[in-house]
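Student: In this text, residue positions in the sequence shown follow the numbering used here: the first is 653, and each later residue adds one. First, the structure itself, so that you have it in front of you.
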Amino acid sequence: MRFVSSKSILTDPYRAGLEIGEALAPISPEVILLFASMSYDPDFSDFFEALYDVLGSKSVIIFGGTGDGIYESSGAENYGVSALGINSAGTVAWNVALEQGVKADSFGAARKCARKALAASPSPACFRMILADGALADGHAIANGFATEIPGPFIGGLTGDDRKFTGSKVFLNGREYDDAVAILSGSGNIRFAVNAASGWTPVGIDGIVEDNQGCEIRTISGQTALDFMARELGKPLGEADIGIVPLAAYQHGSTKHFCLRTPSHLHHDSGAVTTFGSVEPGAIVRVCSATREDVVKGALDALDGLSPDSLGFTPAAAIIISCAGRKWLMADRGEKELAALQSRLGLSIPLAGFPSFGEIGPFRLEDGSYTAVSFHNATLVVCLIG
653 MRFVSSKSIL TDPYRAGLEI GEALAPISPE VILLFASMSY DPDFSDFFEA LYDVLGSKSV
713 IIFGGTGDGI YESSGAENYG VSALGINSAG TVAWNVALEQ GVKADSFGAA RKCARKALAA
773 SPSPACFRMI LADGALADGH AIANGFATEI PGPFIGGLTG DDRKFTGSKV FLNGREYDDA
833 VAILSGSGNI RFAVNAASGW TPVGIDGIVE DNQGCEIRTI SGQTALDFMA RELGKPLGEA
893 DIGIVPLAAY QHGSTKHFCL RTPSHLHHDS GAVTTFGSVE PGAIVRVCSA TREDVVKGAL
953 DALDGLSPDS LGFTPAAAII ISCAGRKWLM ADRGEKELAA LQSRLGLSIP LAGFPSFGEI
1013 GPFRLEDGSY TAVSFHNATL VVCLIG
């Protein structure tokens, strides 16, 4: 397996495409994972034109989406494009699938997309990555839709924008899509391990979600969602808390593992809170808080669950999907979290990723097995590939 990562912060999309293409072309990539800021919209077609011009072929699979910035081994940026090129020398069979309609039915669109991927795969896939439109999709329903059709572990996230919450794009083979979910599958000689962690700590008392509709949580333990969260935090929620102050929703039967849900909209007229992913009625939730030091510790916790002795392979590349809310709390481009990860990893390897509006992945247990795949917010998902 050969990997190369690259980034560009050139504002002209065609020139950015040339820069990325020239960096990846030497390995003749079979697959390119591509992450970009929305600053290139509506001119992504110019970027793809330049990329294909340099590569000299449209046979390469391009898979990715937009986020609130980019991550790459040379640093984190608020705008630009990052890419990870992969060449398995034919030892991995790659396929992709895409389905639109996540706004109307995220669960159904995810199931249809999963079935397309299964039908296209010549053999059972071991590596899978999922991306969905973070402006329109219910991340919880996306993760559950795939989980009903394909076994874990798999990773993914919700695409995003620059904290405007107005639109995002999913990339597939030179085109950008909204209202969509897509999956990349790899079958063959590909070794990987994944883990997730946040750094946020539940505070206060448990609450029970009593009334919710999709991603809108209306009442928790006899109070409006806003009143419950304000009581536990000791202050009312404001716009600055969007994407940053989450609820911990505990996995069924577990008092240790929980999935975070951050607000995407605060409805002060009704007291409801809309989150990036739904929760089940009757779910036990707790308000969470974190300091900047906690965010960095969470990143290290994710990597500590991927210790070299437990992997069985030497990592040759990394994919990072980190909630945009983490960098908002850190008040930086994401460079502190990235630097901490690279320092703890102790390897200089190609890396690409993006600040997302939601993360999809399992927790890795001490014995190397995984929990069920879940949707998260305020979380970092790390995937190491060998």
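C-beta: ideal position from N, C-alpha, C; glycine also.
(1) Using alpha carbons as the reference points, say which of Asn796, Ala849, Phe928, Gly934 lies closest to Asp858.
(2) Using a Cβ-Cβ cutoff of less than 6 Å, which residues in the same chain neighbour Gly797 once the five nearest sequence positions on both sides are dropped?
(3) For Leu1032, which option in Gly708, Asp946, Ala771 has the closest C-alpha, if you only look at C-alpha atoms?
(4) Which of helix, strand or coil does DSSP assign to Met781?
(5) Exposed or buried, Asn739, counting other C-beta atoms within 10 Å across all chains shown (16 or more means buried)?
(6) Are the region 869-878 and the region 951-959 in contact at 8 Å, needing three or more beta carbon pairs?
(7) For the beta strand (DSSP E) containing Ile1012, name the first residue and the last one.
(8) Report yes or no: do the region 780-799 and the region 826-833 share at least 3 C-beta pairs separated by less than 8 Å?
(9) Could you name each continuous beta strand (DSSP E) segment of 3 residues or more that falls completely within the region 783-837, going from the start of the chain to the end?
(10) Helix, strand or coil, according to DSSP, for Trp746 in the structure here?
(11) Please report the straight-line C-alpha distance between Val1025 and Glu671, rounded to a whole angstrom.
(12) Looking only at its chain, what residues have a beta carbon closer than 8 Å to the beta carbon of Ala992, apart from the 5 residues adjacent to it on each side?
(13) Please classify Pro854: does DSSP put it in a helix, a strand, or coil?
(14) Have a look at Gly791, Lys659, Ile679 and flag the residue whose alpha-carbon is nearest the alpha-carbon of Ala1004.
(15) In or out: Asp921 buried (at least 16 other Cβ within 10 Å) or exposed?
(16) So what does Lys659 bridge to, in DSSP terms?
(17) Do the CB positions of Ser657 and Glu701 come within less than 8 Å of each other?
(18) Give the secondary structure of Arg985 by DSSP, where H, G and I count as helix, E and B as strand, and everything else as coil.
(19) Going straight from the alpha carbon of Thr595 to that of Leu981, what length do you get?
(20) For Ile896, name the three-state secondary structure that DSSP assigns.
(21) Could you tell me if the beta carbon of Val937 falls within a distance shorter than 7 Å of some heavy atom in the ligand MN?
Tutor: The answer reads as follows:
(1) Gly934
(2) Phe759, Ala762, Arg763
(3) Asp946
(4) strand
(5) Classification for Asn739: buried.
(6) no
(7) 1010-1013
(8) yes
(9) 807-810, 822-824, 827-829
(10) strand
(11) 36 Å
(12) Val948, Ala951, Leu952
(13) Collapsing the DSSP output to three states places Pro854 in a strand.
(14) Lys659
(15) So Asp921 ends up on the exposed side.
(16) Ser734
(17) Glu701 is positioned such that its CB atom lies no closer than 8 Å to that of Ser657.
(18) Arg985: coil per DSSP, three-state reduction.
(19) Past the edges of the chain, shown from 653 to 1038, lies residue 595, and the structure says nothing about it.
(20) coil
(21) In terms of ligand content, the structure shown is empty, and the ligand MN therefore cannot be addressed.
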